[in-house]
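Residues 7 to 173 in my numbering are what the sequence shown spells out, letter by letter.
What follows is a set of notes on a single structure, which appears directly below.
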Amino acid sequence: MPSRTQDQGIGREALRRLVAENYPVIARSLLRPLLHLLSTSREACSGDIDKFMIMVVVAIRTTEHESFASFTPAQLISGDLPVFPTLGTNVRSIADSTGTPKETVRRKVGELIEAGWISRQANELRFTALAYRDLDGARVAIEDLAISNFQVVADLARRRLASSPDH
């Protein structure tokens, strides 16, 4: 299903060019929420941004599971589902996808398991309800980043469409 911007004649590549051409104008609006996300994430992980990257990889595999979208945020926070469904990931996959040495990932995963944020079942790492609750500030920062970026790009697209000869 095409997105609204595609319906209006602005595809992904056109949007990419539009953002690149206007980067000096919009950079501040893009970078501030990104910095907020990184700062919030680092703080949530006691100063260790690598732990947050590990959690993001585990979260991606969790959100890719078909049943994840069927849960409400309240169900995820409640703890009724202590360990979330996942397509699964392991230390090697995390190391490969983040470019972090495997031994570093192994050590940090051990710390995240000890903190209760990750559960290991066989060779599979799973996201927990405790992590979902404890990382609430980072999740809100991700949502704010998405909203902010959407608003910036939508405004650029609107201005482009308004200035096109067809309007």
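Glycine included, every Cβ here is placed at the ideal spot set by N, Cα and C.
Residue i in three-state terms, based on DSSP
| i | result |
| --- | --- |
| T92 | coil |
| S73 | coil |
| S170 | coil |
| N28 | coil |
| I119 | helix |
| L141 | coil |
| E100 | Here residue 100 is Ile; the residue named in the question, Glu, does not match the sequence. Three-state DSSP puts I100 in a helix. |
| I153 | helix |
| L40 | helix |
| P79 | helix |
| D54 | coil |
| D161 | helix |
| T110 | helix |
| L87 | coil |
| I16 | coil |
Beta-carbon proximity list for residue i, same chain, < 6 Å, skipping 5 on both sides
| i | result |
| --- | --- |
| S154 | P39 |
| S125 | V89, R132 and T134 |
| T46 | G143, A144 and A147 |
DSSP beta-bridge partners of residue i
| i | result |
| --- | --- |
| I124 | F133 |
Beta-carbon proximity list for residue i, same chain, < 8 Å, skipping 5 on both sides
| i | result |
| --- | --- |
| H42 | A147, D150 and L151 |
Neighbourhood of residue i by C-beta distance below 7 Å, restricted to the same chain and skipping five residues each side
| i | result |
| --- | --- |
| N129 | N96 |
| A65 | F133 |
Residue-chain proximity (residue i, chain D), Cβ-Cβ < 8 Å
| i | result |
| --- | --- |
| V31 | The structure shown contains no chain D; it holds only a single protein chain. |
Between the stretch 103-118 and the stretch 74-91, are three or more C-beta pairs nearer than 8 Å? The way I'd put it, the stretch 103-118 doesn't touch the stretch 74-91; fewer than three beta-carbon pairs between them come closer than 8 Å.
Three or more C-beta pairs under 8 Å: does that hold for the stretch 57-64 against the stretch 157-166? Output reads no: the stretch 157-166 does not touch the stretch 57-64.
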